[in-house]
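In this text, residue positions in the sequence shown follow the numbering used here: the first is 1, and each later residue adds one.
Below is one structure; the comments refer to it alone.
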Amino acid sequence: MQFTTLWFVLIAVLWIGFFVLEGFDLGVGMLHGLLSRDEAGRRAVLHTIGPVWDGNEVWLVTAGAAMFAAFPGWYATLFSGFYLALVLLLAGLIVRGIAIEYRDRVDGAGWRRTWTVLLTAGSLTVPLVLGIALGDLLHGVPIGGDQEYAGTFADLFTGYGVFTGITLTVLCLLHGATFLALKTSGEIRERAHRLARRTVLPAGLVVLAFVFWTRSIADGGILVNLVELAAVLAVAAAAWAVGSGRDGWAFSGTTVAMAATVASLFTELYPRVMVSSTKSAFDLTVHNTASGPYALKVMTVVALVLLPVVLVYQGWTYHVFRKRISTDR
């Protein structure tokens with residue numbers, strides 16, 4: 001395998017890891033005010049992600065850094081053309097982080113209510129904006145022969161891009177609901193169960209529509225590939241598990257569904273990294289945007305050493321904080 005292909009795969013894995021891990025954090029942020037009738041319940045809901053949410057965001061930072069180092073041409077075009085969208089993304093991340101840390105600093109109903117609204121809004125903004133950006137990579141945006149973005153902010157709101165954002169947002173909601181059913185007890189767990197049951201069918205329909213639209217955009221025909229099939233089957237498995245009250249299997253199903261949905265974008269995109277709607281000859285690929293072979297080789301060695309350490313540490317963190325949380329604890 002060439003280094004360019006290897007780093008495309010690694011970047012895809014980082015994006016998948018972000019949406020799988022941060023996806024349920026975002027879902028919890030969107031749902032915390034809905035599933036809890038009192039302040040003790042809201043605090044219990046937020047405590048389920050308290051020890052891990054900031055660590056999960058590292059996957060996003062690492063994905064951006066890997067794009068910058070491995071494919072500087074891709075990074076330059078994407079980050080310059082999507083500048084305003086990235087500002088919205090950063091605003092969502094900042095507001096969300098501040099809300100989690102500061103909502104309990106003052107003992108006042110108005111203070112907490114304000115941060116609850118901001119946390120919900122920030123958690124909704126992140127998957128929606130990122131989904132639009134990832135969808136636009138495959139759908140195509142105006143790019144000239146000089147690899148410069150030639151469109152406006154309005155050109156980012158393509159039909160497929162917006163639907164990709166909606167798909168990932170809905171999956172985050174379902175992912176968050178199954179996570180809360182797995183991590184809480186009592187009334188919150190029951191409410192999470194009910195919400196998951198109501199959400200899983202719409203999520204399945206959205207994922208199914210996304211899969212066929214993705215095939216149409218990629219000119220792949222109506223037959224889906226194995227990754228896209230896995231996304232549809234995983235949502236179906238999650239629906240069965242939710243209906244059977246199997247919390248662990250339900251969360252596993254939404255995990256696979258999220259991973260396969262994001263992976264389907266990258267499998268259809270390769271060897272391109274960013275499609276030009278102006279002319280196919282102007283598409284950005286792993287070959288015309290990559291760093292030099294030596295730089296990619298050094299990066300590969302560093303990744304092989306550090307990535308296992310990060311995975312072991314994060315796995316240990318989840319093991320330590322594996323117990324269920326209730327409102328009376």
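We put the CB at the ideal spot given by N, CA and C, even for glycine.
C-alpha gap between residue 21 and residue 78, whole angstroms = 24 Å
Using a Cβ-Cβ cut-off of 7 Å (strictly less than) and excluding sequence neighbours within five positions of residue 100, which residues of its own chain qualify?
-> 46, 53, 119
What residues in its chain sit with their C-beta under 8 Å from that of residue 185, if we drop five residues either side in the sequence?
-> The answer, listed in chain order, is 324, 325, 326.
With DSSP as the reference, label residue 223 as helix, strand or coil.
-> coil
Enumerate in chain order the residues of its own chain whose CB-to-CB distance from residue 358 is below 8 Å, with the five nearest sequence positions on each side excluded.
-> This structure cannot settle anything about residue 358, because the visible part of the chain is limited to 1 through 329.
Are the stretch 129-141 and the stretch 70-89 touching, with three or more C-beta to C-beta distances below 8 Å?
-> yes
May I ask which residues mark the beginning and end of the alpha helix (DSSP H) holding residue 105?
-> For residue 105, there is no enclosing alpha helix (DSSP H), as DSSP gives it neither H nor E.
Please name the residue, chosen from 42, 64, 225, 87, that lies closest to residue 15 on a Cα-to-Cα basis.
-> 64
Cross-strand partners of residue 325 (DSSP beta bridge) = 184
With which residues is residue 276 paired in a DSSP beta bridge?
-> Per DSSP, 141.
Between the Cα of residue 283 and those of 298, 149, 69, spot the shortest distance and give me the residue it belongs to.
-> 149
Taking all protein chains shown into account, do 16 or more other C-beta atoms lie within 10 angstroms of the C-beta of residue 115, making it buried, or fewer, making it exposed?
-> Residue 115 is buried by the Cβ-count criterion.
Determine the DSSP secondary structure at residue 270, reduced to helix, strand or coil.
-> In the structure shown, residue 270 sits in coil (DSSP, three-state: anything other than H, G, I, E or B).
Local Cβ density within 10 Å of residue 297, reported as buried at 16 or more and exposed below that | Residue 297 comes out exposed.
Residue environment, residue 132, which counts as buried when at least 16 other CB atoms sit within 10 Å = buried
Thinking C-alpha only, which one of 271, 320, 182 is nearest residue 242?
-> Comparing Cα-Cα distances from residue 242 to each of 271, 320, 182, the minimum goes to 182.
Leaving out the 5 sequence neighbours to the left and right, which residues in its chain are closer than 7 Å to residue 277 when beta-carbon positions are compared?
-> 140, 141, 142
Cα separation between residue 71 and residue 244?
-> 45 Å
Quick one: measure Cβ to Cβ for residue 59 and residue 17, integer angstroms, because I've assumed they're closer than 8 Å.
-> 5 Å
Three-state secondary structure (DSSP) of residue 285 | strand
Nearest-angstrom beta carbon gap, residue 124 and residue 28 [assumed within contact, 8 Å] = Not really, about 12 Å apart at Cβ, beyond 8 Å.
Locate the alpha helix (DSSP H) running through residue 28, then write down its first and last residues.
-> 3-35
Is residue 156 near residue 130, with beta carbons less than 9 Å apart?
-> no
Based on the DSSP output, what are the partners of residue 149 in its beta bridges?
-> 143
Burial state of residue 94 (16 or more Cβ within 10 Å) | Taking a 10 Å sphere around the C-beta of residue 94, we find fewer than 16 other C-beta atoms and assign the residue as exposed.
Can you give me the Cβ contacts of residue 287 inside the same chain, cut-off strictly under 8 Å, excluding the 5 residues immediately before and after it?
-> 4, 271
Residue 155 (DSSP reduced to helix, strand or coil) | helix
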